[in-house]
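Protein sequences appear in the order of chains V and Y.
Every letter in the first sequence is one number past the one before it in numbering that gives the first Met the number 0, and letter 60, counting from 1, is 59.
Every letter in the second sequence is one number past the one before it in numbering that gives the first Met the number 0, and letter 54, counting from 1, is 53.
Quick reminder that beta carbons are idealized off the backbone N, C-alpha and C, glycines included.
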Amino acid sequence: MAKSEITNRIRRFRFDHGEMTQEELAKRSGVTRQTIIALEAGKYVPSLGLAFRIARAFGASIEEIFTFRE
Amino acid sequence: MNRYEKMAWFTLTLCAIATIAFLVVIPLAGYPVASALFGIVGFGGLAPLVFKEREKPDERDRTILRSAQRNGFGVFWLCFVLANIGTWGWLYYRGVPTVPIEVLPGMVFGGMIVVIAAQSIVTIVLYRRGVGHGEI
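Take a look at the structure:
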């Protein structure tokens with residue numbers, strides 16, 4: 000699979016927010032834990048809606064969590 | 000392994016069993032009896048009952064399942080065209096003017112197995128390898 004242009008720092012933000020578990024982030028974002036695992040492994044790029052929900056779960060902006068590489 | 004991956008493995012296994020059983024039985028009992036074994040794939044309809052889970056599919060699950068459906072029918076169409084043209088070419092140039100009537104339900108059953116197997120394989124591959132982008 001080609002490398003995605005969009006990378007994320009979800010794992011780092013989880014640890015920085017009181018070592019939030021994947022399960023907890025999944026519940027807050029409205030997805031399954033497997034989706035969070037796939038996101039952190041770079042195997043899935045979220046929709047815009049999910050990206051916003053994840054950012055909101057961390058109280059951060061989308062740009063702080065997701066990076067677009069040309 | 001999540002619910003949809005388990006269901007994909009289950010239906011893929013049923014397709015393999017049905018195909019192998021058909022190939023084993025056809026020289027022994029003939030086509031009409033052997034074709035009844037394609038009914039084994041029908042047990043795949045029990046998969047949602049066997050693999051129950053409370054969680055609904057999330058966006059990644061929906062993306063993978065949609066992709067599996069598209070690819071499944073794409074593979075089916077390719078196989079269907081090749082099977083039709085191949086059969087026509089094989090029989091026509093051997094002087095057989097008509098296709099035996101038994102071929103017709105066989106194409107439906109074979110097509111069904113191709114669709115289900117292709118969908119299952121794509122589902123398994125996408126869950127393992129990654130699916131790319133989610134819904135807009």
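Item	Value
Cβ distance (whole Å) where R8 (chain V) is taken to contact I64 (chain V) below 8 Å	6 Å
CA nearest to the CA of I120 (chain Y), picked from Y:T86, Y:E54, Y:F75 and Y:L48	Y:F75
Partners in chain V for G130 (chain Y), counting only beta-carbon separations shorter than 7 Å	According to the sequence displayed, residue 130 (chain Y) carries Val and not Gly. Here the neighbours are Y43.
Rounded distance between the beta-carbons of V44 (chain V) and I5 (chain V), thought under 8 Å	5 Å
Whole-number beta carbon distance between A59 (chain V) and F14 (chain V), since they are thought to touch under 8 Å	About 14 Å; that fails the 8 Å criterion.
Which listed residue (V:G17, V:E22 and V:E62) has its alpha carbon closest to that of Y47 (chain V)	Checking the sequence, you will find Leu at residue 47 (chain V) rather than Tyr. Nearest of V:G17, V:E22 and V:E62 to L47 (chain V), Cα basis: V:E62.
G44 (chain Y), buried or exposed, once every other Cβ within 10 Å from all chains shown has been counted against 16	exposed
K26 (chain V) and G129 (chain Y) closer than 7 Å at C-beta	no
Range covered by the alpha helix (DSSP H) that runs through I19 (chain Y)	R2 to A28
F75 (chain Y) - containing alpha helix (DSSP H), residue span	E58 to Y91
Burial state of G94 (chain Y) (16 or more Cβ within 10 Å)	exposed
Pairwise C-alpha distance: G73 (chain Y) and I135 (chain Y)	At I135 (chain Y), the pLDDT of 43 sits below 50, so the modelled position is not reliable and the matter cannot be decided from this model.
Under 7 Å between C-beta atoms of F50 (chain Y) and L36 (chain Y)	no
Residues, ordered as in the chain, of the segment 39-64 of chain Y that lie near chain V by beta-carbon distance below 9 Å	E54, P56, D57, E58, R59, D60 and T62
Contacting residues, own chain, Cβ-Cβ under 8 Å from E69 (chain V) (five flanking each side not counted)	E4
Spatial distance of L38 (chain V) from E52 (chain Y) (CA atoms)	22 Å
For F50 (chain Y), three-class secondary structure by DSSP	coil
Neighbourhood of L64 (chain Y) by C-beta, 8 Å cutoff - its chain only, sequence neighbours within 5 removed	Y3, P56 and T122
Collapsed DSSP secondary structure at G129 (chain Y) in the structure displayed	coil
Beta-carbon contacts of P31 (chain Y) that lie in its chain and below 8 Å, excluding the five residues immediately before and after	E101
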